[in-house]
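Here the protein sequences come in this chain order: A and B.
First residue of the first sequence? That's 1 in the working numbering, and the numbers climb one at a time after it.
First residue of the second sequence? That's 1001 in the working numbering, and the numbers climb one at a time after it.
Beta carbons: idealized from backbone N, C-alpha and C, even for Gly.
All remarks here apply to the structure that follows.
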Amino acid sequence: MKYIDEYRKKELILSVSEKLKEVSTKEITLMEVCGGHTMAIHRFGLSALLPANIRLISGPGCPVCVSSQHFIDTAMAYSKLPGVITTTYGDLIRVPGSLTSLEKERANGSDIRIVYSVLESLEIAKSNPEKHVIFLGIGFETTAPLTAAAILQAQKENIPNFSVLSAHKVMPPVMKALVAEGVKIDGFIAPGHVTAITGTGIYDELAAVLGLGVVVAGFEPLDMMQAVLMLSLQLEAGTPSVEVQYQRVVHREGNPLARQVLEDVFELRDDRWRGLGIIPASGLKIRESLADFDAEKRFHVEVPESTEPKGCICGLILRGLKTPEDCGLFAKKCTPSEPVGACMVSGEGTCATYYKYRS
Amino acid sequence: MCLAIPAKVLSVEGASAVVSIEEVEYTASLLLLDGVMPGDYIMLHAGFAIEKVDPEYAAETLRLLVEMEKNRPE
Chain A
1 MKYIDEYRKK ELILSVSEKL KEVSTKEITL MEVCGGHTMA IHRFGLSALL PANIRLISGP
61 GCPVCVSSQH FIDTAMAYSK LPGVITTTYG DLIRVPGSLT SLEKERANGS DIRIVYSVLE
121 SLEIAKSNPE KHVIFLGIGF ETTAPLTAAA ILQAQKENIP NFSVLSAHKV MPPVMKALVA
181 EGVKIDGFIA PGHVTAITGT GIYDELAAVL GLGVVVAGFE PLDMMQAVLM LSLQLEAGTP
241 SVEVQYQRVV HREGNPLARQ VLEDVFELRD DRWRGLGIIP ASGLKIRESL ADFDAEKRFH
301 VEVPESTEPK GCICGLILRG LKTPEDCGLF AKKCTPSEPV GACMVSGEGT CATYYKYRS
Chain B
1001 MCLAIPAKVL SVEGASAVVS IEEVEYTASL LLLDGVMPGD YIMLHAGFAI EKVDPEYAAE
1061 TLRLLVEMEK NRPE
């Protein structure tokens, strides 16, 4: 497959691995922020190709995982409103809420539908004019513009029975929050597709002020190995900066149209993250001028106090402080078929990835 | 979640394109990406084209790596 197979060539991967062993001397910890990167590292066994002085830790880049228990419970409350059809990306449906999951609510009769594209929600709204369709908007800067585009499209087509419950989040505040919290990180393998939208400016402060290396990476094994090499060279030289490994997709200024659409529809607000609490200006709220498409403005629901699943350390794992193997539930009480916490639900959750590729 | 896959653009009509991934055809919304032409490769993310794949940069990245491989001591 073009643009995939070339980046999986074994000889090239091994030569980067050798080069790394040659140049890397310092003990460094690199965080891969994106769940897609976590998957690639484990799927291709990349940790084994790194010198022992380079440690990789997984970060908070799985949207399903970082969605707070409160959001899951709120989504559940909306899905139970009479006349509502809830649409969602697949993973979210299985996340256990405080009492139940969307999947169980669906079995109990709530109309909850999995969509591949948010635009399907508009079609569902048009063919069910007597119902109201609520899309559960989760995801970072890669996915939020899609929701924004759907809202603008609904406005253009005058679709009155469509709204979004937004839990969209942005990446830079959480990266800064982890560093401020004292998680030991020397550099970030930064998310390629988030940056394809935002451009690289969002990381400038991390490098210039906090002295961290940042390399925006693609998702194939060669991309990731090259990104680690670039970070290693930066840190060995003591010159951390923002670089792009994934140049075939990421431009310095990002995708201007997508950025504009995002800006037109959303504004920043403080938001709640699983395991991290409330992080200032880290979430995306639908602008007042588009309140007709904001489920929070259209409907009021009562959400009981949320409780975290007992024994689950998903929050600590998302902060890079623990690994799934530190958890007493991992692979025993908590498995992909019967997940206790969100990190085991999503295919790109750290626990699900560890489970799938565990030795 | 942020997964996106390279897909070849077969045709463009208005704000959507027909793209192909390993001979399977999908529809890609072009609401977030201007200037897409048949023959381009785009990154497809949850039904949307979010960026083009730049063939020159793709070749350059690989060229650098191949060079490293050639310079590897035997």
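Residue i in three-state terms, based on DSSP
i          : result
A/Arg-358  : coil
B/Glu-1093 : For residue 1093 of chain B there is no data in the structure shown, the boundaries of chain B being 1001 and 1074.
A/Cys-351  : helix
A/Arg-274  : coil
A/Gly-201  : helix
A/Pro-367  : Because residue 367 of chain A is not part of the residues shown, which for chain A are 1 to 359, the question remains open.
A/His-70   : helix
A/Thr-360  : Outside the shown range of chain A (1 to 359) lies residue 360 of chain A, about which nothing can therefore be said.
A/Gly-59   : strand
A/Ala-281  : strand
B/Val-1009 : strand
A/Glu-103  : helix
A/Lys-9    : coil
A/Arg-94   : helix
A/Leu-81   : coil
A/Leu-30   : strand
A/His-168  : coil
A/Ile-4    : coil
A/Phe-299  : coil
A/Arg-113  : strand
A/Leu-136  : strand
Exposure of residue i, with buried meaning 16 or more beta-carbon neighbours within 10 Å
i          : result
A/Asn-158  : exposed
A/Ser-15   : buried
A/Val-84   : buried
A/Gln-260  : exposed
A/Thr-88   : buried
A/Ala-227  : buried
A/Ala-180  : exposed
A/Gly-238  : exposed
A/Ser-67   : buried
A/Ile-278  : exposed
A/Met-1    : exposed
A/Arg-43   : exposed
B/Leu-976  : No answer is possible for residue 976 of chain B: it lies beyond the span of chain B, which begins at 1001 and ends at 1074.
A/Glu-338  : exposed
A/Asp-223  : buried
A/Leu-99   : exposed
B/Leu-1010 : exposed
B/Gly-1047 : buried
A/Lys-169  : buried
A/Asp-5    : exposed
B/Thr-1061 : buried
B/Val-1024 : exposed
8 Å Cβ cutoff met for residue i and residue j
i          : j          : result
A/Asp-186  : A/Leu-50   : no
A/Gln-247  : A/Ser-241  : no
A/Gly-349  : A/Cys-34   : no
B/Leu-1044 : B/Ala-1028 : yes
A/Ile-218  : A/Tyr-7    : Reading off the sequence shown, one finds Gly at residue 218 of chain A, where the question assumed Ile. In contact: A/Gly-218 and A/Tyr-7 (Cβ atoms closer than 8 Å).
B/Val-1019 : B/Ile-1042 : yes
A/Gly-283  : A/Arg-269  : yes
A/Tyr-78   : A/Phe-299  : yes
A/Val-215  : A/Glu-243  : yes
A/Pro-304  : A/Asp-73   : yes
A/Gly-315  : A/Gly-328  : no
A/Asp-199  : A/His-251  : Per the sequence shown, the amino acid found at residue 199 of chain A is Gly instead of Asp. In contact: A/Gly-199 and A/His-251 (Cβ atoms closer than 8 Å).
A/Phe-266  : A/Ala-167  : no
A/Pro-145  : A/Ala-281  : no
A/Met-175  : A/Phe-140  : no
A/Pro-160  : A/Leu-46   : no
A/Phe-293  : A/Val-164  : yes
A/Ile-13   : A/Met-225  : yes
B/Glu-1051 : A/Val-249  : yes
B/Met-1037 : B/Val-1053 : no
A/Gly-97   : A/Gln-69   : yes
Residue i Cβ short of 7 Å to the ligand ADP heavy atom set
i         : result
A/His-168 : Questions concerning the ligand ADP fall outside what the structure shown contains, since it holds no ligand whatsoever.
Inter-residue CB distance, residue i and residue j (contact presumed, cutoff 8 Å)
i          : j          : result
A/Leu-119  : A/Ala-75   : Not a contact, Cβ separation roughly 20 Å.
B/Asp-1059 : B/Leu-1030 : A small correction: the amino acid at residue 1059 of chain B is Ala; Asp does not occupy that position in the sequence shown. That belief does not hold up - the Cβ atoms of B/Ala-1059 and B/Leu-1030 are roughly 25 Å apart, past 8 Å.
A/Ile-41   : A/Ser-232  : No, A/Ile-41 and A/Ser-232 are not in contact; Cβ-Cβ is about 15 Å, not under 8 Å.
B/Asp-1034 : A/Leu-257  : 6 Å
A/Leu-92   : A/Val-64   : 6 Å
A/Ala-150  : A/Leu-122  : 6 Å
A/Phe-162  : A/Val-133  : 5 Å
A/Arg-319  : A/Val-183  : 6 Å
A/Arg-94   : A/Val-345  : 5 Å
Every unbroken alpha helix (DSSP H) inside the region 240-270 of chain A [4 residues or more]:
For the region 240-270 of chain A, whole alpha helix (DSSP H) runs of length 4 or above, ordered along the chain, are 256-265.
Mind pulling the alpha helix (DSSP H) runs of 4 or more residues that sit fully within the region 138-164 of chain A?
144-156
Whole runs of the alpha helix (DSSP H) within the region 172-228 of chain A, excluding any shorter than 4 residues
192-198 and 204-208
Which ranges does the beta strand (DSSP E) cover as unbroken runs of at least 3 residues, wholly within the region 1012-1072 of chain B, from first to last along the chain?
1016-1021, 1024-1029, 1041-1045 and 1048-1052
Mind pulling the beta strand (DSSP E) runs of 3 or more residues that sit fully within the region 323-352 of chain A?
none
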